[in-house]
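S.K.: Below are the structure tokens for one structure; questions will follow.
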């Protein structure tokens with residue numbers, strides 16, 4: 057099996073993107089952290105794709121989410137996710153096409169005990 061290349065780039069410096077320094081209380085001040093996270097797995101090698109998705113989902117705090125873009129309806133991945141973390145995520149299909157499916161996955165709040 058031939059290795060698939062992955063392009064890794066350095067993020068641009070704040071000044072190069074916005075022309076000013078960062079604001080206090082935010083590493084950049086540009087509000088990019090408030091933007092919806094989109095994880096397009098079509099460019100990730102198939103052999104590690106599920107691991108990348110699980111790693112990204114594990115990093116989400118309750119109430120946070122991401123939009124997963126896949127080349128097909130990722131039913132096996134969703135079944136694995138439900139098996140690993142039953143009931144932990146809400147799912148909402150954003151779009152469904154023959155060659156691209158987008159699903160918003162949002163981590164549910166942890167139920168209070170007491």
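Numbering (the working numbering), first residue to last: 57 to 170.
No residue lacks a Cβ here, since even glycine has one placed at the ideal position from N, Cα and C.
(1) Quick one: residues in its chain with C-beta nearer than 7 Å to the C-beta of residue 127, no 5 flanking neighbours on either side, listed in chain order?
(2) So, under 8 Å CB-CB, residue 44 and residue 158 are touching, yes? Tell me the CB distance rounded to an integer number of Å.
(3) Going by DSSP, which residues form a beta bridge with residue 147?
(4) Pull up the CB-CB distance for residue 116 and residue 94, whole angstroms please, since I reckon it's below 8 Å.
(5) Are the CB atoms of residue 163 and residue 96 within a distance shorter than 8 Å?
(6) DSSP on residue 171, reduced to helix/strand/coil?
(7) Taking the alpha-carbon of residue 136 as reference, which of 109, 153, 160 has the nearest alpha-carbon?
(8) How would you write the range of the alpha helix (DSSP H) that residue 126 sits in, first residue to last?
(9) Kindly indicate which residue of 169, 118, 160 has the alpha-carbon position closest to the one of residue 92.
(10) Need the endpoints of the beta strand (DSSP E) that residue 95 sits in, please.
(11) When we look at the beta-carbon of residue 118 and count the other beta-carbons within 10 Å, is it buried (16 or more) or exposed?
(12) Flag this pair as yes or no: are the beta carbons of residue 124 and residue 132 separated by less than 8 Å?
M.R.: Considering the structure as presented:
(1) Numbered from 1 along the chain shown, position 71 holds the residue referred to as residue 127. Once the five neighbours on either side are set aside, the close Cβ partners of residue 127 are 98, 155, 156.
(2) With the chain running from 57 to 170 in the structure shown, residue 44 is simply not present.
(3) Working through the chain shown from its first residue, we reach residue 147 at position 91. Answer by DSSP bridge pairing, in chain order: 161.
(4) Sequence index remark: in the chain shown, residue 116 carries index 60 (1-based). Sequence index remark: in the chain shown, residue 94 carries index 38 (1-based). The Cβ separation is near 13 Å, so there is no contact.
(5) The residue given as residue 96 occupies position 40 in the chain shown. The residue given as residue 163 occupies position 107 in the chain shown. Not closer than 8 Å, so no.
(6) There is no way to answer for residue 171, as the model of the chain reaches only from 57 to 170.
(7) Here residue 136 corresponds to residue number 80 of the chain shown, with the count starting at 1. Here the closest residue by C-alpha is 109.
(8) The residue you call residue 126 lines up with position 70 of the chain shown. In this chain, residue 126 is not harboured by any alpha helix (DSSP H); it is covered by the beta strand (DSSP E) spanning 121-126.
(9) Against the chain shown, residue 92 aligns to sequence position 36. Considering only alpha carbons, the answer is 160.
(10) Numbered from its first residue, the chain shown carries residue 95 at position 39. Element bounds for residue 95: 93-96.
(11) By one-based count along the chain shown, residue 118 stands at place 62. Taking a 10 Å sphere around the C-beta of residue 118, we find fewer than 16 other C-beta atoms and assign the residue as exposed.
(12) In the chain shown, the residue the question calls residue 124 occupies position 68. In the chain shown, the residue the question calls residue 132 occupies position 76. Cβ distance not < 8 Å, so residue 124 and residue 132 don't count as in contact.
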